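Single-structure report; data block below.
There are 2 protein chains.
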Amino acid sequence: MSNLFLRTLREDPADAELPGHKLLVRAGYIRRAAPGVYTWLPLGLKVLRNVETIVREEMEAIGAQELSFPALLPREPYEATNRWDEYGPNLFRLQDRKGVDMLLGPTHEEMFTITVKDMFSSYKDLPTTLFQIQTKYRDEARPRAGLLRGREFIMKDSYSFDHTKQGLEESYAKHRGAYVKIFDRLGFEYVVVHADSGAMGGSASEEFLAVSRHGEDTFVRSPGGFAANVEAVVVPQAEPVEVSVGPAHIEDTPETPTIETLVAALNANHPRDDGREWTAADTLKNVIVMLVHPDGTREPLAIGVPGDREVDAKRLEAQVAPADVEAFEEKDFAAYPMLAKGYIGPGVLGEEKASGIRYLLDPSIAEGSAWVTGADVSGKHVIDLVHGRDFTAGGTIQAARIKEGDPAPDGSGPLTLARGIEMGHIFQLGTKYAEALGLKVLDENGKLVTVTMGSYGIGVSRAVAAIAEDNLDDKGLIWPRHIAPFDVHVVATGKDAAVFEKAEQVVADLESAGLGVLFDDRPKVSPGVKFKDAELIGVPTIVVLGRGLSDGTIEVKDRRSGTSRDVAVDEVAAEVLSEVRGA
Amino acid sequence: MSNLFLRTLREDPADAELPGHKLLVRAGYIRRAAPGVYTWLPLGLKVLRNVETIVREEMEAIGAQELSFPALLPREPYEATNRWDEYGPNLFRLQDRKGVDMLLGPTHEEMFTITVKDMFSSYKDLPTTLFQIQTKYRDEARPRAGLLRGREFIMKDSYSFDHTKQGLEESYAKHRGAYVKIFDRLGFEYVVVHADSGAMGGSASEEFLAVSRHGEDTFVRSPGGFAANVEAVVVPQAEPVEVSVGPAHIEDTPETPTIETLVAALNANHPRDDGREWTAADTLKNVIVMLVHPDGTREPLAIGVPGDREVDAKRLEAQVAPADVEAFEEKDFAAYPMLAKGYIGPGVLGEEKASGIRYLLDPSIAEGSAWVTGADVSGKHVIDLVHGRDFTAGGTIQAARIKEGDPAPDGSGPLTLARGIEMGHIFQLGTKYAEALGLKVLDENGKLVTVTMGSYGIGVSRAVAAIAEDNLDDKGLIWPRHIAPFDVHVVATGKDAAVFEKAEQVVADLESAGLGVLFDDRPKVSPGVKFKDAELIGVPTIVVLGRGLSDGTIEVKDRRSGTSRDVAVDEVAAEVLSEVRGA
């Protein structure tokens, strides 16, 4: 440590929010070079390499072959798949000295596809699976939490190539197996969730999430083991019910532009015949958003949800992609004078109604059910408006927020919600890229068939962050053994030269047994500072040489449990070795 | 090979010029993604990793510590050192979504300097040496020869940090030693040349060149072992000579705008008194170029060289850097009407003469020597113009082309010229970057001193190309053992299942002994194609199983020598193992 390029910091960095990010900076693993762009210092690089090794080993174990594409890429293939535009401002674009458009690869589907196309022509060449561990670029609007959401980051991306759907399913299953092994080895709590609507069979897209309260993604779990991203939860269409109310009637409800004020006014001025209280769940809220399509055209969309639900931005975005969602603003209302803000109802919504705005309903809204909703006049609502009798919509949309306690799709009971960080994604991509770029092979009958692909990613630098976030305490990092930058941290304390000599010998013994040793040989640093640094850095086993030496013992500490024990000097190397190897 | 992501090509790729580049593409090591941007296919990636490992091992052996900077960098540090501008069109610049200027790092002096500044503050922290093996970007005007001059390429760059000149010299010497070991291991012919004028002591800047007739750099060697880039050759100032001619006299020399026409006219119409023939060496040629400074200002420069020499663009560029050199064009002549094109002489050159153009002479032009040169009037030259008596210049410049047979600076005899490819550069950078970015430490006396740096680079991807260019024959590549993608290539021939079974067993034996084996198990490919592919791919040892098996023998071929021998079946594994290990 007297030579190591490392300076630990006592203070948290100003730009770090999450505890693991703070510690990675304080303990000298990473350093910010620009927003969302990080330098790997020597300790960090060792950790990164350990993660890469785990990923590489499991990829090779399923027969995936490694190659490496450039990060600086030509525009043409991304133009062919429309992603040059679709990526919007997330893509780093640049021009070379001749004015030729280029980009920094955000992901490499196109390059893999055209390379396989260049080299393969027969079904006999398939299946094949290729991977790379490579630097990628996305110009995130909000780079966040250090390595968790960077603008330059390292990913393992892989792609499988098959000529039949069954082949794709087999390739996908192999990858899924490898991912489970990888995430089991990485050392943080994770969950595998369904990541799309299941329309392709339920396993066509799954995400590996690190369970973390700092996560940006919300996922649901059922008692029966079902787990899914909120985007992938499919709320079933409610069964029709018998109409139980009389004709719809418009009522004055002055100054009730919110659900809360509306429910209060209903209970005060329009009590129900049967005496039940009105609740938010009796109201139909119509939310209007503006979709921005990749070609720049803007289209309003109205969504009807029960008043006790919100529209969930992520679920909505997943439904309307590749369009972006923006707020419906004052100037938009000005363009649609038939919309009475705060009192919008189905009377003007729908492509054949006055507004011409497409109107979709939450699937929980049963045919035959009655609602209180806007009467399209300021200060008025309509009561007992029945779905199917008095109004219809252009279809349904899975966009309402999922709530804790909602029934699980697998019928096993109520859903629970948790937060996670997307660490891996496996996806039966199908023929999208192969079609756009003309990747076909001759099949058994000599017929040209389009190749079907799987796409599989792991955030490698992000995994370093996730491991850090899930392996720490108030003193510092606590690396899992196979991830730690060193196997053991030897601390020599005091001023006695004999201690340092003995420590050197212990280090030599450990190193000759093949262990990676971090040796704190700093001559003028106090034991207290050395212990603090060791705890901050987080090597799992800490060996302390000091006063105990006169009794013939050396202290061996376990960083995670905090326990320590005295070991006879001659037995230290063997003891540490068995501890490290046993892990 | 039935699964390997590899298709060998029979035809040379259209865009490849050099034999090694052609073979790297044909044998499936690399593939072009864009001009100067390459994909590493599985075989190529293995070779690249082997080169990286050699570089990393030798860097670590001198105590250098590895870290990794991003490629996407902020503008500010490069602004502080003026390189944002100095790099000109060679720098890939881009803006992020917020319009912030960024760049793709062409080299990382700035980032290393500010990171050390952030972390270190005392001379006790020094010396330290840091390195990275990382992807770099330069927007070359003429990307060339595949990996030899790419726009995205992999470099090892390292930097030493010292607080004394002596420390820098020691760090430099350590690096030089490591480089010699690296280049000895890489397996191509190389030479270490002086790369600057030697003003800082002769060893302040050295280049490691791969000796290659395809090289872009010319270097010189003396019989005494001196070697230098042409840019670094210092022609000594010629000793003054006694004036041996009468007064200068202007003569009519119509239509003699070139040295050749002038010499012919002199011999025809102005014979010398002593009967000697005029030669080009008797004439003084004045060449005018336009310097373009980094701030965009343009300044003409006149260079006087003997008529039998050219101005060497590389030598001139090295002298005037960071200015660029452009041709002096017609429009420039129009701005300087006193310049008689083809008949320019010292009469109008120099800062105090009519043109005001700075005028520098080649050092071979002795004081007292007499010349025929332009009389600044079209069709007239002046004869017997004596340097020091009749004209002077503002100084000398090392810009004339070095010729085979010129005397060596070390006095050991005539120089020979050869061509090479720059593979490594070690350089005593001094305080340039530390001063620009404020990197200072407290010295032994508590005084702030500016840190002095060394800068050291190796073209890692370029090394793959140089190895290929120097290890090939008309059949394919011939990898040095420690660079080869595999240790041994096992070829099973024929249709006999027993051959393939035996081959599998041999492969298993070799792999369990720790060797990397490429196994040609393709069932329906002819022996001829398999042999051709093996020779093209260039694994150093080729094991062929075929007809010999019935006699109990297997053929072991040496790819480089082309020799082969029959080895008893049971001894093949041991034989190959000892061959590989013995290398």
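So the protein sequences, as listed, match chains A and B.
For the first sequence, position 180 matches number 301 in our numbering, and the numbering has no gaps at all.
For the second sequence, position 288 matches number 409 in our numbering, and the numbering has no gaps at all.
Glycine included, every Cβ here is placed at the ideal spot set by N, Cα and C.
Predicted, not measured: the structure shown is a model, and the values here were computed from it.
- In chain order, what residues of the stretch 216-228 of chain A put their CB closer than 8 Å to some CB of chain B? Asp217, Arg218, Met223 and Leu225
- Minimum C-alpha distance to Ile254 (chain A) - residue among A:Glu187, A:Asp511, A:Tyr159 and A:Glu525: A:Glu187
- Query: So is Val237 (chain B) buried or exposed if we call it buried at 16+ other beta carbons inside 10 Å?
  - Reply: buried
- Query: Is Glu181 (chain A) close to chain B, meaning its C-beta is less than 8 Å from at least one C-beta of that chain?
  - Reply: no
- the stretch 168-196 of chain A: positions lying closer than 9 Å to chain B by Cβ: Leu169, Gly184, Gln186, Glu187, Leu188, Ser189, Phe190, Pro191, Ala192, Leu193, Leu194 and Pro195
- Item | Which listed residue (A:Ile675, A:Ala386 and A:Val355) has its alpha carbon closest to that of Thr517 (chain A) | A:Val355
- Item | Same chain, Cβ closer than 6 Å to Leu387 (chain B), neighbours up to 5 away in sequence not counted | Trp399
- Message: Let's test the definition: count the other Cβ atoms within 10 Å of the Cβ of Ser189 (chain B) and tell me whether it reaches 16, buried, or not, exposed.
- Response: buried
- Task: Less than 8 Å between the CB atoms is what I'm expecting for Phe282 (chain A) and Pro248 (chain A), so what's the real figure, rounded?
- Result: 6 Å
- Query: Hey, quick one: how far does the beta strand (DSSP E) through Phe126 (chain A) stretch, first residue to last?
  - Reply: Neither: Phe126 (chain A) is in no beta strand (DSSP E) and is coded neither H nor E.
- Which residues of chain A have a Cβ atom closer than 7 Å to the Cβ of Gly162 (chain B), listed in chain order? Looking at the sequence shown, residue 162 (chain B) is not Gly but Leu. Correct list: Leu188.
- Message: Using the Cβ count rule (16 or more neighbours within 10 Å means buried), how would you classify Ser243 (chain B)?
- Response: exposed
- Pick helix, strand or coil for Pro375 (chain A), following the three-state DSSP scheme. coil
- Query: Looking at the structure shown, is Trp205 (chain A) part of a helix, part of a strand, or coil, going by DSSP?
  - Reply: helix
- Rounded separation between Lys653 (chain B) and Thr571 (chain A) - CA only: 32 Å
- Item | Chain-ordered chain A contacts of Pro210 (chain B) [CB-CB under 8 Å] | Arg218
- Message: Based on DSSP bridge pairs, tell me the residues matched to Ser326 (chain B).
- Response: B:Phe548
- Message: Quick check on Asp594 (chain B) - is its C-beta less than 8 Å from some C-beta in chain A?
- Response: no
- Message: At 4 residues or longer, what runs of the alpha helix (DSSP H) sit wholly inside the stretch 534-582 of chain B?
- Response: 553-558
- 7 Å Cβ shell around Phe607 (chain A) - same chain, five flanking residues per side excluded: Gly637, Val638, Leu639 and Val660
- Between Glu447 (chain A) and Phe454 (chain A), what straight-line distance do the alpha-carbon atoms span, to the nearest angstrom? 14 Å
- Proximity test, Cβ basis, 8 Å: Val158 (chain B) and chain A: yes
- Task: Give the residues of chain B in contact with Asp260 (chain A), contact being defined as C-beta atoms less than 8 Å apart.
- Result: Asp217 and Arg218
- For Ala423 (chain A), I'd like the list of residues in its chain whose CB is within less than 6 Å of its CB, leaving aside the five on either flank, ordered along the chain. Asn407, Ile409, Leu470, Ile478 and Tyr480
- Query: Does the separation of the CB atoms of Ala589 (chain A) and Gly141 (chain A) fall below 8 Å?
  - Reply: yes
- Query: Does the beta carbon of Ala154 (chain A) sit closer than 8 Å to a beta carbon anywhere in chain B?
  - Reply: yes
- Message: Quick test of your reading: Glu525 (chain A) and Leu538 (chain A), contact by CB under 8 Å. State the CB separation rounded to the nearest angstrom.
- Response: 5 Å
- Backbone secondary structure at Val612 (chain A) - three-state DSSP: strand
- Quick one: is Arg393 (chain B) buried, meaning 16 or more other Cβ sit within 10 Å of its Cβ, or exposed? exposed
- On a CA-only basis, which of B:Thr674, B:Val627 and B:Glu656 is nearest Gly149 (chain B)? Give me that one, please. B:Glu656
- Nearest-angstrom Cα separation, counted from Phe304 (chain B) out to Asn171 (chain B): 13 Å
- Message: Could you check whether the stretch 488-508 of chain B touches the stretch 357-369 of chain B, counting it as contact only if at least three pairs of C-beta atoms, one from each stretch, sit closer than 8 Å?
- Response: yes
- Item | Distance CB(Val664 (chain B))-CB(Val612 (chain B)) smaller than 8 Å | yes
- Message: I need the DSSP call for Met459 (chain B), collapsed to helix, strand or coil.
- Response: coil
- Item | Presumed contact (8 Å Cβ cut-off) between Asn350 (chain B) and Val314 (chain B), rounded CB distance | 5 Å
- Message: At the level of alpha carbons, what is the spacing between Arg263 (chain B) and Thr614 (chain A)?
- Response: 59 Å
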